[in-house]
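Here the structure comes first, spelled out in structure tokens, and everything after it is commentary.
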């Protein structure tokens, strides 16, 4: 049974051109088949994955926690409830520290 999308998903162009190509193939596949559906249906809870709200320069953003092959990855995004339609904007996807560094740069730029 497919998950019903409750949120429109917008992916930052640099996630597609820079972040995804350097990720392991399994994570690239999971981005389409697992992570996107989670963000479209339950971005505030992370679904079957853990997520947390960010602080400091990334206040208002969330990070999906993705453990893979003894490495912690983060998918950083922001949830917009208003104005309609509800939407999620993905701004970075990488190993823990680089994901946050990229997110901060993309928020400023």
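Numbering (the numbering used here), first residue to last: 7 to 115.
Glycine included, C-beta positions come from ideal geometry on N, C-alpha and C.
Buried/exposed call for residue i, threshold 16 Cβ in 10 Å
i	result
residue 80	buried
residue 14	exposed
residue 28	exposed
residue 103	exposed
residue 68	buried
Terminal residues of the beta strand (DSSP E) in which residue i lies
i	result
residue 78	77 to 86
residue 17	14 to 17
residue 60	Element bounds for residue 60: n/a, residue is neither H nor E.
residue 73	67 to 74
Rounded straight-line distance, which links the Cα of residue j to that of residue i
i	j	result
residue 6	residue 97	One cannot answer for residue 6 here, as it falls past the ends of the chain, which runs 7 to 115.
residue 75	residue 87	34 Å
residue 32	residue 90	33 Å
residue 61	residue 106	11 Å
residue 101	residue 71	10 Å
residue 26	residue 51	23 Å
Element boundaries [alpha helix (DSSP H), containing residue i]
i	result
residue 104	102 to 114
Beta carbon of residue i nearer than 8 Å to that of residue j
i	j	result
residue 56	residue 12	no
residue 64	residue 110	yes
residue 83	residue 95	yes
>> For a minimum of 4 consecutive residues, which ranges assigned as the alpha helix (DSSP H) are wholly contained in the region 25 to 56?
In response: Scanning the region 25 to 56 for uninterrupted alpha helix (DSSP H) segments of 4 residues or longer gives 31 to 36, 42 to 47, listed from N- to C-terminal end.
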